[in-house]
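Student:
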Amino acid sequence: MWKRPRKQIELFHAPRICRAGALIFSVSILTIFIILTFKNKRVSIYPSDSQHLKWNSFWSSLQFQPTVEFVNGTDIIWQIPNSPKAVLFLAHGCYGRAANFWDRSPSCQNCVGLPEERLIVLQALHQKYAVLTISSVGSCWSFGDEERRVRRIIQWWVGKHKIEKLPILALGASSGGYFVSAVAKDMKFSSIVLMIAEGLFDSMDVPSDYPPTLFVHMPKDRIRKLRIKRSMESLRNMGVPVDEVECKGFPLTPKFLSDRIPSLDETFSVKLFELFREKGFIDENNYMKSDGRATQWKEAVKEIEPSADDHEWTDHVQEELNLAFGYHEMTSLQMEDIIRWFESHLSVT
Ligand SMILES: *[C@@H]1O[C@H](CO)[C@@H](O)[C@H](O)[C@H]1NC(C)=O
1 MWKRPRKQIE LFHAPRICRA GALIFSVSIL TIFIILTFKN KRVSIYPSDS
51 QHLKWNSFWS SLQFQPTVEF VNGTDIIWQI PNSPKAVLFL AHGCYGRAAN
101 FWDRSPSCQN CVGLPEERLI VLQALHQKYA VLTISSVGSC WSFGDEERRV
151 RRIIQWWVGK HKIEKLPILA LGASSGGYFV SAVAKDMKFS SIVLMIAEGL
201 FDSMDVPSDY PPTLFVHMPK DRIRKLRIKR SMESLRNMGV PVDEVECKGF
251 PLTPKFLSDR IPSLDETFSV KLFELFREKG FIDENNYMKS DGRATQWKEA
301 VKEIEPSADD HEWTDHVQEE LNLAFGYHEM TSLQMEDIIR WFESHLSVT
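Per UniProt numbering, the sequence shown runs over residues 1 to 349.
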């Protein structure tokens, strides 16, 4: 989560008479520094207080009570809080589905509740956004027909629930990011967030009233970082407001996995951490050496938990390991920035 640098300047050893001047001077320098540093780029830094990483802080007071429906050949899962102030459409990545965004509950027996997806939904509900998730028809999103189909579903759904007057927001990750970038050319979103995706701006006609676009990405993916830079330039040249948030890798802690994954207990989390260290999956500073996909961690876990493959938490752990490495993964750690982006463009519809 990006934090403003702390103002730690040694002002108070100066003689009394100089203090006011020194203060003004320092504040000006600091302000200039902040403006220069963060004007175009908000660098997201690992939240140093581990409270930030705990899933069960105040989000747990919110309940998942989604409604599951089957509409025109695809499933949609949604929840509308009391007095919603906006509608948020969420698009998963390849091999994702709507069920990944919601915890298993009596109203959604097949829901998966992947750790990052569920935290995105919880924070959006907390912000009073009506949340709509739709599954892609194939394993990844496709364009043309599927764009029209999803636009129809969104329009039908907001009409049915009489929330068609609310601003509509969209967030898509990876394949979902490309998809949202394409849907946004014909649908009036008040702003969009493209996560770990540069969008399809090279291959589509971008209308001049294209919605403000925030890119949330992981700079370790250098090729994508360059493509995002190009997308931002071309949107900026058309007068479309753009910004970016970079997400870096961060060190694992013994309780990191249980802090993020509701179904994983603390003892097991500590055991996994020790195992990963023993196997050399993490370096001396507890950073992942590769992402979860490229680490043979599942094989290693079988030594302490022979039935690991059958556990639903393996996907959840993998997601968190990718996130900690900081490479091409869904992330909820930047929701503060994301919500700030949405909120600052709510009135633009
Ligand atoms: C479902 O598909 C039919 C036929 O294409 C279409 O007329 C209808 O609007 C669609 N409904 C929704 C909710 O998208």
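Ideal Cβ placement from N, Cα and C applies to all residues, glycine included.
#1: Can you have a look at Leu-226 and say buried or exposed, based on whether 16 or more other CB atoms are within 10 angstroms of its CB?
#2: Report the option in Phe-268, Asp-283, Ser-83, Gly-177 whose CA atom is closest to the CA atom of Phe-325.
#3: Less than 8 Å between the C-beta atoms of Lys-185 and Pro-207, yes or no?
#4: Going by DSSP, which residues form a beta bridge with His-217?
#5: Relative to the C-alpha of Ser-203, which candidate in His-217, Ala-99, Phe-70, Arg-230 has its C-alpha closest?
#6: Alpha carbon to alpha carbon, how far is Met-335 from Val-216? Give it in angstroms, no decimals.
#7: Nearest-angstrom Cα distance between Val-150 and His-316?
#8: Determine the closest residue to Leu-90 out of Leu-171, Ser-105, Lys-289, Leu-119, with distance taken between C-alpha atoms.
#9: Just to check, is the beta-carbon of Arg-152 closer than 7 Å to a non-hydrogen atom of ligand 1?
#10: Buried or exposed: which applies to Asp-145, given that a residue is buried once 16 or more other Cβ atoms fall within 10 Å of its Cβ?
#11: Throw me the rounded Cβ distance for the Tyr-178 and Leu-200 pair, which I believe falls under 8 Å.
#12: Using the Cα positions of Glu-233 and Lys-165, report the straight-line distance between them to the nearest angstrom.
#13: What residue range does the alpha helix (DSSP H) around Gly-159 cover?
#14: For the beta strand (DSSP E) that Gln-79 lies in, which residues bound it at each end?
#15: For a minimum of 3 consecutive residues, which ranges assigned as the beta strand (DSSP E) are wholly contained in the stretch 62–134?
#16: Exposed or buried, Thr-295, counting other C-beta atoms within 10 Å across all chains shown (16 or more means buried)?
#17: For Asn-285 and Phe-256, what's the separation of their Cα atoms in angstroms?
#18: Exposed or buried, which one is Gln-109 when buried takes at least 16 other CB atoms within 10 Å?
#19: Give the DSSP-derived three-state secondary structure of Ile-196 in the structure shown.
#20: Which same chain residues, not among the five before or five after Asp-265, have their C-beta less than 7 Å away from its C-beta?
#21: Three-state secondary structure (DSSP) at Met-288?
#22: Report the rounded CA-to-CA distance for Arg-132 versus Thr-74, giving the unit in angstroms.
#23: Residues in its own chain within less than 7 Å of Ala-182 by CB, not counting five upstream and five downstream?
#24: Measuring alpha carbon to alpha carbon, tell me which residue in His-328, Asp-337, Ile-192 is nearest Ile-223.
#25: Roughly how many angstroms separate the alpha carbons of Gly-93 and Cys-140, rounded to a whole number?
#26: Does the beta-carbon distance from Cys-247 to Leu-122 come in below 8 Å?
#27: Report the rounded CA-to-CA distance for Ile-80 versus Ala-130, giving the unit in angstroms.
#28: Checking 8 Å against the spacing of the C-beta atoms, do Ile-77 and Pro-66 come in under that value?
#29: Compute the Euclidean distance between the alpha carbons of Glu-299 and Ser-190, then round it to the nearest angstrom.
#30: I'd like to know whether the C-beta atoms of Ile-338 and Val-193 end up nearer to each other than 8 Å.
#31: Near Ser-269, what residues of its chain come up, given a Cβ to Cβ distance below 6 Å and the 5 sequence neighbours on each side ignored?
#32: What residues in its chain sit with their C-beta under 7 Å from that of Tyr-313, if we drop five residues either side in the sequence?
#33: Whole angstroms are fine: how far does the CA of Asn-100 sit from the CA of Ser-107?
#34: Taking Cβ to Cβ, would you say Tyr-287 is nearer than 8 Å to Gly-249?
Tutor: Once the coordinates are examined:
#1: In the sequence shown, the residue the question calls residue 226 occupies position 226. Leu-226 is exposed by the Cβ-count criterion.
#2: Within the sequence shown, numbered from 1, the residue matching residue 325 stands at position 325. That would be Asp-283, whose Cα lies nearest to the Cα of Phe-325.
#3: Start at 1 with the first residue of the sequence shown, and residue 185 comes out as number 185. Start at 1 with the first residue of the sequence shown, and residue 207 comes out as number 207. A contact, by the Cβ cut-off of 8 Å.
#4: Within the sequence shown, numbered from 1, the residue matching residue 217 stands at position 217. Its beta-bridge partners are Glu-246.
#5: Here residue 203 refers to the residue found at position 203 of the sequence shown. Minimum Cα distance to Ser-203 is reached at Arg-230.
#6: In the sequence shown, counting from the first residue as 1, residue 216 sits at position 216. In the sequence shown, counting from the first residue as 1, residue 335 sits at position 335. For Val-216 and Met-335, the distance between alpha carbons rounds to 10 Å.
#7: By one-based count along the sequence shown, residue 150 stands at place 150. By one-based count along the sequence shown, residue 316 stands at place 316. Rounded to whole angstroms, Val-150 to His-316 spans 27 Å at the Cα level.
#8: Residue mapping note: residue 90 aligns to position 90 of the sequence shown, counting from 1. Residue Leu-171 is the option with its Cα nearest to Leu-90.
#9: For the purposes of this step, residue 152 is taken as the residue at position 152 of the sequence shown. Result yes, Cβ under 7 Å from ligand 1.
#10: Along the sequence shown, read from residue 1 onward, the residue named residue 145 stands at position 145. Looking at its Cβ environment, which holds fewer than 16 other Cβ atoms inside 10 Å, Asp-145 is exposed.
#11: Stepping through the sequence shown from its first residue, residue 178 is reached at position 178. Stepping through the sequence shown from its first residue, residue 200 is reached at position 200. Rounded, the Cβ-Cβ distance is 5 Å, consistent with contact.
#12: Taking the first residue of the sequence shown as 1, we reach residue 233 at position 233. Taking the first residue of the sequence shown as 1, we reach residue 165 at position 165. Going from the Cα of Glu-233 to the Cα of Lys-165 covers about 32 Å.
#13: The residue labelled residue 159 in the question sits at position 159 within the sequence shown. That run of the alpha helix (DSSP H) goes 145–160.
#14: Against the sequence shown, residue 79 aligns to sequence position 79. Counting along the chain, the beta strand (DSSP E) containing Gln-79 begins and ends at 74–79.
#15: 67–71, 74–79, 86–91, 129–134
#16: Here the question's residue 295 lines up with position 295 in the sequence shown. Flag for Thr-295 reads buried.
#17: Sequence index remark: in the sequence shown, residue 285 carries index 285 (1-based). Sequence index remark: in the sequence shown, residue 256 carries index 256 (1-based). Answer to the nearest angstrom: the Cα atoms are 14 Å apart.
#18: As a working note, residue 109 is residue 109 in the sequence shown. The residue is exposed, with fewer than 16 neighbouring Cβ atoms inside 10 Å.
#19: As a position in the sequence shown, residue 196 is number 196, starting the count at 1. Coil, per DSSP.
#20: The residue you call residue 265 lines up with position 265 of the sequence shown. Excluding positions up to five away in sequence, the list reads Ser-258.
#21: Sequence index remark: in the sequence shown, residue 288 carries index 288 (1-based). Here Met-288 sits in strand by DSSP.
#22: What you label residue 132 is simply residue 132 of the sequence shown in a count that begins at 1. What you label residue 74 is simply residue 74 of the sequence shown in a count that begins at 1. Correcting the residue identity first, residue 132 is Leu in this sequence and not Arg. If I take the Cα positions, the gap works out to 13 Å.
#23: Counting from one through the sequence shown, the residue named residue 182 turns up at place 182. For Ala-182, where only same-chain residues beyond five positions count, the Cβ hits under 7 Å are Phe-143, Glu-147, Leu-200, Met-204.
#24: The residue you call residue 223 lines up with position 223 of the sequence shown. Measuring from the Cα of Ile-223, the nearest candidate turns out to be His-328.
#25: Walking along the sequence shown from the start, residue 93 turns up at place 93. Walking along the sequence shown from the start, residue 140 turns up at place 140. Looking at the two C-alpha atoms, the distance is approximately 7 Å.
#26: Counting from 1 along the sequence shown, the entry for residue 247 is found at position 247. Counting from 1 along the sequence shown, the entry for residue 122 is found at position 122. No. Outside cutoff.
#27: Here residue 80 refers to the residue found at position 80 of the sequence shown. Here residue 130 refers to the residue found at position 130 of the sequence shown. Near 4 Å, if we compare the C-alpha coordinates of Ala-130 and Ile-80.
#28: Start at 1 with the first residue of the sequence shown, and residue 77 comes out as number 77. Start at 1 with the first residue of the sequence shown, and residue 66 comes out as number 66. Yes; because the gap between Cβ atoms is below 8 Å, this pair is in contact.
#29: Taking the sequence shown and counting its residues from 1, the one referred to as residue 299 is at position 299. Taking the sequence shown and counting its residues from 1, the one referred to as residue 190 is at position 190. Rounded to the nearest angstrom, the two C-alpha atoms are 45 Å apart.
#30: As a working mapping, residue 338 is identified with position 338 in the sequence shown. As a working mapping, residue 193 is identified with position 193 in the sequence shown. In this structure, Val-193 lies closer than 8 Å to Ile-338 by Cβ.
#31: To locate residue 269, count along the sequence shown from 1; it is residue 269. Within the same chain, Ser-269 has close Cβ partners Lys-255, Leu-257, Ser-258.
#32: As a position in the sequence shown, residue 313 is number 313, starting the count at 1. Looking at the sequence shown, residue 313 is not Tyr but Trp. Only Ile-261, Ser-263, Leu-264 meet the Cβ criterion.
#33: Locating residue 107 in the sequence shown gives position 107, counting from the first residue. Locating residue 100 in the sequence shown gives position 100, counting from the first residue. Looking at the two C-alpha atoms, the distance is approximately 14 Å.
#34: As a first step, residue 287 must be located in the sequence shown, where it is residue number 287. As a first step, residue 249 must be located in the sequence shown, where it is residue number 249. Yes; because the gap between Cβ atoms is below 8 Å, this pair is in contact.
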